[in-house]
Amino acid sequence: MMVQERYDIVVIGAGPAGSVAARFAAENMASVLILERDREPGIPVRCAEGVSHNGIAPFIDIDQRWIASRIDVAKLHSPNGETANMYNNGLGYVLERRVFDAALCELAAKYGAHLITKADALDLVWEDGKITGVKYKYSGEIRKVKCDIVIGADGVESRVGRWAGIKTVVRLEDIDTCAQYTLTDIDIEKDTCEFYFGTKVSPGGYIWIFPKSDNTANVGIGLSGHLSHPKGPKEYLDEFVQRRFPKAKITYTMYGGVPTAATLDEIVKDNIMLVGDAARQVNPITGGGVVQAMIAGSIAGKVAAQAVKEKRFDKKFLKEYRKEWDKRLGKTQKTMFLMKERFMNMNDERFNRIVEFCQNIPRDKFSLKTLFTEAVKGNPKLMIDVAKAFLVSKIKMK
Ligand SMILES: Cc1cc2nc3c(=O)[nH]c(=O)nc-3n(C[C@H](O)[C@H](O)[C@H](O)COP(=O)(O)OP(=O)(O)OC[C@H]3O[C@@H](n4cnc5c(N)ncnc54)[C@H](O)[C@@H]3O)c2cc1C
Numbered sequence: 052m053m054v055q056e057r058y059d060i061v062v063i064g065a066g067p068a069g070s071v072a073a074r075f076a077a078e079n080m081a082s083v084l085i086l087e088r089d090r091e092p093g094i095p096v097r098c099a100e101g102v103s104h105n106g107i108a109p110f111i112d113i114d115q116r117w118i119a120s121r122i123d124v125a126k127l128h129s130p131n132g133e134t135a136n137m138y139n140n141g142l143g144y145v146l147e148r149r150v151f152d153a154a155l156c157e158l159a160a161k162y163g164a165h166l167i168t169k170a171d172a173l174d175l176v177w178e179d180g181k182i183t184g185v186k187y188k189y190s191g192e193i194r195k196v197k198c199d200i201v202i203g204a205d206g207v208e209s210r211v212g213r214w215a216g217i218k219t220v221v222r223l224e225d226i227d228t229c230a231q232y233t234l235t236d237i238d239i240e241k242d243t244c245e246f247y248f249g250t251k252v253s254p255g256g257y258i259w260i261f262p263k264s265d266n267t268a269n270v271g272i273g274l275s276g277h278l279s280h281p282k283g284p285k286e287y288l289d290e291f292v293q294r295r296f297p298k299a300k301i302t303y304t305m306y307g308g309v310p311t312a313a314t315l316d317e318i319v320k321d322n323i324m325l326v327g328d329a330a331r332q333v334n335p336i337t338g339g340g341v342v343q344a345m346i347a348g349s350i351a352g353k354v355a356a357q358a359v360k361e362k363r364f365d366k367k368f369l370k371e372y373r374k375e376w377d378k379r380l381g382k383t384q385k386t387m388f389l390m391k392e393r394f395m396n397m398n399d400e401r402f403n404r405i406v407e408f409c410q411n412i413p414r415d416k417f418s419l420k421t422l423f424t425e426a427v428k429g430n431p432k433l434m435i436d437v438a439k440a441f442l443v444s445k446i447k448m449k
């Protein structure tokens, strides 16, 4: 493939946000180049890989190649050792993200997007105060590519927004620091994701077990940034693994951050858009961001292609993406963000009560709404927000 000197749109990052944005832009007739820093999309994996069927199905045909396991049950563990099973939560999957991310990228390519891997974006190119392209390093060589729109999909450590003068900093308490092992030779149920809560197990966060087969799982922890000192996520995780899976073998170790904030105030400017983790579009309570990144990518890709058709690359035009995002998920995300504080500060007694409450909900009556309503009980303002969120759109978990 010959790389052109200019494209309508350059997407930085081939994660779910970037690949889906590229696919929708290309499908709507824009010429698109994706720059990916790593050797191939999806590697290294920095994810627990849990998603809902309803979240991903609109974007890609479900393929067994990238499904490690099907999830029907979520099991909650309270600090006092009680458990509750949630059944009526919709089908979920634990993915093989290295295959899934590559498949999303292949789809973008099928619609005509070009991709260069091992292409590290270094900066934006400016002419007369306007963004006109991207500078990147490929095979030790510094190159420039011209474009009308840059889509920054470069993940949690995003620099693209900063290059464009966008304030991307989030508070320490709005970044979860995570550690995760893939463990094998363990005793788990393949169709059940497990969650452990409590101030001693995981202050301001939770421990997850996401099965990848009947004896392998992603087992990890996320702690709110300001609660991860002096004891960090690795120490908490090691203690947990020692207790629950003393004989386990570790096949993969990963550390990473998750922005658990609301979407940035500014996600578009003249000639630029931010999507996915780069725009802080993660579910602030669960830390799930794959589906959110795909939804944002699809909206951004379509708006960018329309901008190309109308030759309108100004912030005012590109703001259509913001409007649509807020309608689809942004507003709900903000409500979740307001609720997060409440979750973070919950004491063990409250977790115990919630799990006890869940034990008493009949299997077919269970919904996330019931759970959230119980969690915010006693706080009338939050209860109204939750009610509104459910009226506007159903809260989408991972
Ligand atoms: C421990 C952990 C567990 C998680 N578990 C889940 C989960 O179970 N379910 C879920 O939905 N979400 C989960 N998430 C969040 C999820 O991984 C992210 O929200 C999701 O990957 C965001 O997609 P993205 O496309 O925005 O960014 P990413 O997937 O991070 O992709 C960004 C891409 O940009 C590339 N890039 C970066 N800088 C440059 C550059 N300068 N030039 C070129 N390319 C560049 C990167 O190499 C990368 O490929 C988890 C995150 C962590 C850390």
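Residue numbers (the working numbering): 52 to 449.
Even for Gly, the Cβ is constructed at its ideal location relative to N, Cα and C.
Cut-off 6 Å between Cβ atoms - residues of its own chain near residue i, not counting five sequence neighbours on either side
i: E133; result: V406
i: M53; result: none
i: V150; result: R116, W117
Residue i: CB within 7 Å of a non-hydrogen atom of ligand 1
i: D114; result: no
i: A65; result: yes
i: R87; result: It is worth fixing the name first, because residue 87 is Glu in this sequence and not Arg. The answer is yes for E87.
i: D289; result: no
i: M305; result: yes
i: G191; result: no
i: G69; result: yes
i: R97; result: yes
i: G276; result: no
i: C229; result: yes
i: R210; result: yes
i: V207; result: yes
i: A170; result: yes
i: G132; result: no
i: P109; result: no
i: P92; result: yes
i: V83; result: no
i: A351; result: no
i: G249; result: no
i: G327; result: yes
i: G101; result: yes
i: A344; result: yes
i: A76; result: no
i: A159; result: no
i: A268; result: no
i: G308; result: yes
i: A204; result: yes
Euclidean distance between Cα positions of residue i and residue j
i: I350; j: A299; result: 42 Å
i: R373; j: I193; result: 33 Å
i: A170; j: S70; result: 15 Å
i: I217; j: I318; result: 8 Å
i: N131; j: N322; result: 53 Å
i: F75; j: S82; result: 11 Å
i: R401; j: K126; result: 17 Å
i: Y189; j: T424; result: 51 Å
i: K367; j: L223; result: 31 Å
i: T219; j: D174; result: 16 Å
i: T168; j: K195; result: 15 Å
i: Y187; j: A172; result: 4 Å
i: N411; j: Q357; result: 51 Å
i: G352; j: V61; result: 11 Å
i: G212; j: Y303; result: 31 Å
i: P109; j: L86; result: 25 Å
i: W259; j: V252; result: 11 Å
i: V326; j: K241; result: 33 Å
i: A230; j: G308; result: 9 Å
i: L442; j: P297; result: Residue placement at L442 is flagged as unreliable, the pLDDT there being 42, under the threshold of 50; a coordinate-derived value is accordingly withheld.
i: G273; j: I111; result: 28 Å
i: E290; j: S279; result: 15 Å
i: D365; j: H165; result: 24 Å
i: S275; j: I237; result: 28 Å
i: K181; j: I200; result: 11 Å
i: D316; j: P284; result: 29 Å
Nearest-angstrom beta carbon gap, residue j and residue i [assumed within contact, 8 Å]
i: C156; j: V341; result: The Cβ separation is near 14 Å, so there is no contact.
i: A312; j: P335; result: 6 Å
i: V270; j: L234; result: 5 Å
i: A153; j: P92; result: 5 Å
i: I122; j: Y232; result: About 19 Å; that fails the 8 Å criterion.
i: P310; j: I239; result: Their Cβ separation, rounded to whole angstroms, is 29 Å, which puts P310 and I239 out of contact at 8 Å.
Cutoff 7 Å; reference residue i; Cβ partners in own chain excluding five residues on either side
i: D399; result: P130, G249, T250
i: A438; result: Note that A438 has pLDDT 49, beneath the 50 cutoff, so the model's placement of it is unreliable and the number below is only indicative. Around A438: no qualifying Cβ.
i: I346; result: R379, L380
Close-in-space but distant-in-sequence residues of the same chain around residue i (CB under 8 Å, 5 per side omitted)
i: D114; result: A154
i: C244; result: G101, I122, V124, A125, K126, G143, V145, W259, I260, F261, P262
Chain D contact for residue i (CB, 8 Å cutoff)
i: R88; result: Reference to chain D is not applicable here, since this structure consists of a single protein chain.
Inset, instruction - Check whether the segment 329-348 touches the segment 197-207, taking contact to mean three or more Cβ pairs, one atom from each stretch, closer than 8 Å. - result: Touching, per the Cβ criterion.
Inset, instruction - Pair every Cβ in the segment 388-402 with every Cβ in the segment 357-374, then say whether three or more of these pairs are closer than 8 Å. - result: Contact fails: fewer than three Cβ-Cβ distances are below 8 Å.
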